[in-house]
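Notes follow the structure.
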Amino acid sequence: MKELRCLVFTDQEVVRAVLDRRRRVKDTLPVGTVSKVAYHRTEGPDQTGIETRLTITDDNGAVTELGLPETEVTAALVGYCMGRRIPLPVASDKMLHLINGALTLMITMNFNKAPRLVVTAGADGAGSGPAPGSDRLSPKRRIGR
1 MKELRCLVFT DQEVVRAVLD RRRRVKDTLP VGTVSKVAYH RTEGPDQTGI ETRLTITDDN
61 GAVTELGLPE TEVTAALVGY CMGRRIPLPV ASDKMLHLIN GALTLMITMN FNKAPRLVVT
121 AGADGAGSGP APGSDRLSPK RRIGR
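One point on numbering: in the numbering used here, the residue at position 67 of the sequence shown is 67, and numbering is uninterrupted.
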């Protein structure tokens with residue numbers, strides 16, 4: 001069984017996400033104002049990738065076109081969602097699609113995967129958790145009881 005979620009973004013949200021991510025990772029940005037956003041399917045045998053092109057016009061009227069690969073835009077949109085506290089499952093496939101001309105982040109969760117077990121080693125490395133009957137609260141919380 002699978003679950004599919006779709007998040008549809010406006011052009012303004014895509015631009016904001018990409019610019020915020022580029023500032024955060026200290027990547028270079030052309031100077032000017034984004035005047036146009038266009039999406040193109042990448043050429044190839046599978047044609048599944050989407051390239052985002054930002055057209056940037058500076059104060060003198062010079063136009064610069066910035067092509068962004070799908071991986072960068074996907075990472076920017078995931079970061080944008082995290083910054084707005086939109087819950088996204090970690091163990092999921094995230095892909096970009098164009099739906100009616102809007103950039104859409106499709107999130108697919110596969111429920112047939114084996115569950116992940118979290119095992120914590122004790123101080124001696126032999127145990128997988130607190131000893132039976134021991135208090136699980138931190139020392140600060142035990143004092144007040």
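Backbone N, C-alpha and C fix where the C-beta goes; we use that ideal spot for every residue, glycine too.
query, result
"Under three-state DSSP, which class holds methionine 1?", "coil"
"The beta strand (DSSP E) spanning glycine 67 covers which residue range?", "63–68"
"Please check the pair threonine 64 and glycine 32, which I expect to be a contact at CB under 8 Å, by giving their CB distance rounded to whole angstroms.", "7 Å"
"Count the other CB atoms, across all protein chains shown, that sit within 10 Å of the CB of leucine 77; report buried if there are 16 or more and exposed otherwise.", "buried"
"Determine the burial state of leucine 103: buried for a count of at least 16 other Cβ atoms within 10 Å of its Cβ, exposed for fewer.", "buried"
"Mind listing, in chain order, the continuous alpha helix (DSSP H) runs of no fewer than 4 residues lying wholly within the region 66–119?", "70–83"
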